[in-house]
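Residue numbers (this note's numbering): 60 to 434.
Beta carbons: idealized from backbone N, C-alpha and C, even for Gly.
Structure record follows, encoded as structure tokens.
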């Protein structure tokens with residue numbers, strides 16, 4: 060191999076390594092930056108990292124700006140690795156593309172073009188017009204996964220949906236009589252809490268609220284502030300005022316999605332406690348899921364985790380609105396009288412769906428953890 064070829068291989072290796080770091084940094088913002096995407100950025104000069112950043116809580120500063128601030132004057136003549144195209148429009152902050160040009164950056168390596176119609180290639184074009192070398196596509200597959208919420212919201216007008224199921228060895232999600240059942244072990248439960256922290260909002264049906272009285276917070280040590288918005292699908296407004304969800308509304312936001320014809324007095328009682336009640340068109344005796352997702356997207360939600368229960372989970376599967384599914388399967392059996400994981404559907408409606416494919420499966424403590432993604 061010639062020296063030039065060796066240098067090209069090393070350059071490609073370095074590009075991949077620095078982009079991997081940018082992707083890792085961007086994930087720090089998942090669940091915290093909505094409605095903005097969680098972008099990671101690394102600034103490198105002469106093989107040395109001189110700045111790194113990620114989109115901060117609330118969506119500002121953006122990842123590129125955060126990295127430029129850390130790099131200072133060392134950014135001149137450097138390369139920026141960024142997980143999504145730098146913005147080119149004036150929002151609540153000036154365009155990141157302009158900040159990159161002003162900093163004297165000479166090369167930008169970008170994983171993806173931004174599907175936001177306000178950007179859509181214009182950020183890259185602005186950089187090229189300023190004489191900056193731009194390369195797009197390194198780390199694209201990983202970036203599409205990390206930015207799935209932003210991409211889905213821009214292209215389809217709804218959040219990306221991740222369905223979480225914890226099932227017994229015989230495919231049950233609860234004990235007889237719809238009583239709560241501790242199915243999985245500690246490792247799996249901790250993973251679920253992390254998934255909550257990486258989501259903008261977590262959704263359950265009213266059946267889960269009435270049966271379990273859940274908190275739906277992130278209880279990992281030091282991560283209480285990472286708890287997502289809690290959303291309850293409750294067509295008839297049966298959410299109890301005394302529930303733990305309502306009683307903790309001042310600590311973690313609670314949104315209740317209900318049908319347009321639901322009781323105004325029940326709404327008033329919830330609103331008085333600080334609950335945000337969102338009325339949605341009804342369908343088949345419940346809430347129109349498509350309309351509900353559109354409303355959540357309009358309010359900035361990009362990543363929705365659907366956690367329970369069987370009725371809501373089955374509704375999302377039936378409506379073909381599941382973009383990713385995480386299945387935790389215990390070796391323990393619940394028994395024939397247990398509650399099916401998907402109300403009225405076999406578990407194979409998810410695990411053998413033509414719309415979803417298994418992308419990973421591994422042990423997690425005593426349980427198995429399998430991830431499915433939309434084809």
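Contacting residues, own chain, Cβ-Cβ under 6 Å from residue i (five flanking each side not counted)
{"i": "residue 214", "result": "174"}
{"i": "residue 239", "result": "271"}
{"i": "residue 385", "result": "223 and 430"}
{"i": "residue 282", "result": "256"}
{"i": "residue 313", "result": "289, 304 and 334"}
Close-in-space but distant-in-sequence residues of the same chain around residue i (CB under 7 Å, 5 per side omitted)
{"i": "residue 333", "result": "308 and 309"}
{"i": "residue 402", "result": "369, 370 and 373"}
{"i": "residue 406", "result": "226, 230 and 400"}
{"i": "residue 268", "result": "291, 298, 302 and 304"}
{"i": "residue 311", "result": "276, 286 and 289"}
{"i": "residue 408", "result": "376 and 401"}
{"i": "residue 424", "result": "244, 245, 246 and 247"}
Cβ pair residue i, residue j closer than 8 Å
{"i": "residue 137", "j": "residue 109", "result": "yes"}
{"i": "residue 232", "j": "residue 368", "result": "yes"}
{"i": "residue 396", "j": "residue 230", "result": "no"}
{"i": "residue 98", "j": "residue 142", "result": "yes"}
{"i": "residue 234", "j": "residue 393", "result": "yes"}
{"i": "residue 82", "j": "residue 172", "result": "no"}
{"i": "residue 364", "j": "residue 388", "result": "no"}
{"i": "residue 263", "j": "residue 291", "result": "yes"}
{"i": "residue 256", "j": "residue 274", "result": "no"}
{"i": "residue 242", "j": "residue 366", "result": "no"}
{"i": "residue 183", "j": "residue 123", "result": "no"}
{"i": "residue 339", "j": "residue 350", "result": "yes"}
{"i": "residue 178", "j": "residue 148", "result": "yes"}
{"i": "residue 140", "j": "residue 221", "result": "no"}
Under the three-state DSSP convention, the category residue i falls into
{"i": "residue 324", "result": "helix"}
{"i": "residue 367", "result": "strand"}
{"i": "residue 399", "result": "strand"}
{"i": "residue 229", "result": "coil"}
{"i": "residue 105", "result": "coil"}
{"i": "residue 210", "result": "helix"}
{"i": "residue 160", "result": "helix"}
{"i": "residue 392", "result": "coil"}
{"i": "residue 316", "result": "strand"}
{"i": "residue 332", "result": "coil"}
{"i": "residue 340", "result": "coil"}
{"i": "residue 426", "result": "strand"}
{"i": "residue 223", "result": "strand"}
{"i": "residue 135", "result": "coil"}
{"i": "residue 155", "result": "helix"}
{"i": "residue 165", "result": "coil"}
{"i": "residue 88", "result": "helix"}
{"i": "residue 345", "result": "strand"}
{"i": "residue 126", "result": "helix"}
Residue i classed as buried or exposed, judged by whether at least 16 other C-beta atoms fall within 10 angstroms
{"i": "residue 330", "result": "exposed"}
{"i": "residue 146", "result": "buried"}
{"i": "residue 382", "result": "buried"}
{"i": "residue 287", "result": "buried"}
{"i": "residue 420", "result": "exposed"}
{"i": "residue 322", "result": "exposed"}
{"i": "residue 390", "result": "exposed"}
{"i": "residue 84", "result": "buried"}
{"i": "residue 219", "result": "buried"}
{"i": "residue 176", "result": "exposed"}
{"i": "residue 327", "result": "exposed"}
{"i": "residue 259", "result": "buried"}
{"i": "residue 111", "result": "buried"}
{"i": "residue 416", "result": "exposed"}
{"i": "residue 63", "result": "exposed"}
{"i": "residue 65", "result": "exposed"}
{"i": "residue 439", "result": "The question about residue 439 has no answer, for the chain in this structure spans 60 to 434."}
{"i": "residue 107", "result": "exposed"}
{"i": "residue 379", "result": "exposed"}
{"i": "residue 461", "result": "For residue 461 there is no data in the structure shown, the boundaries of the chain being 60 and 434."}
Test: residue i CB closer than 8 Å to a CB of chain C
{"i": "residue 179", "result": "Annotation note: the requested chain C is absent from the structure, which comprises a single protein chain."}
Beta-carbon contacts of residue i that lie in its chain and below 8 Å, excluding the five residues immediately before and after
{"i": "residue 294", "result": "265, 317, 318, 321, 341, 344, 345 and 346"}
{"i": "residue 361", "result": "93, 94, 96, 208, 209, 211, 212, 218, 219 and 259"}
{"i": "residue 300", "result": "328, 329 and 332"}
{"i": "residue 359", "result": "93, 94 and 259"}
Checklist line | Segment contact, 8 Å Cβ cut-off, at least three pairs: the region 60-78 with the region 155-163 | finding: no
Margin query: For the pair the region 350-360 and the region 187-203, tell me if three or more CB-CB distances fall below 8 Å.
Written below: no
Notebook entry, point to check: Would you say the region 100-108 touches the region 128-142, given that touching needs at least three Cβ pairs under 8 Å?
Noted result: yes
Margin query: Quick test of the definition: if touching needs 3 or more C-beta pairs under 8 Å, does the region 108-125 touch the region 91-100?
Written below: yes
Notebook entry, point to check: Okay, do the region 197-212 and the region 371-378 touch, 3+ Cβ pairs below 8 Å being the bar?
Noted result: no
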